[in-house]
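> Residue numbers (our numbering): 147 to 220. No residue lacks a Cβ here, since even glycine has one placed at the ideal position from N, Cα and C.
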């Protein structure tokens, strides 16, 4: 099924709401590359993302390993 970015944003928002109501979350394993800046492909930010950023910073201080390809643009 094909849809545009705005339709996808609305759909993701509705799915996120249902997932959160059940204690879950949503990630998008695939979408057009140009949409990734506008969709929460890794779900809504979580408290543990700060820890992930800190670990990434220690392991990759120059930020050369897959920059921006992980949770929250890490």
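Which residues mark the beginning and the end of the alpha helix (DSSP H) in which residue 203 is found?
Start and end: 195 to 205.
> Check this for me: beta carbons of residue 172 and residue 159, under 7 Å apart or not?
No.
> I need the boundaries of the alpha helix (DSSP H) containing residue 161, first residue and last residue.
Element bounds for residue 161: 151 to 167.
> Kindly indicate which three-state DSSP category residue 173 falls into: helix, strand or coil?
Coil.
> Determine the closest residue to residue 151 out of 209, 183 and 162, with distance taken between C-alpha atoms.
Of the listed residues, the one whose Cα sits closest to residue 151 is 183.
> Let me know the secondary structure DSSP gives residue 188 once reduced to three states.
Coil at residue 188, not helix or strand.
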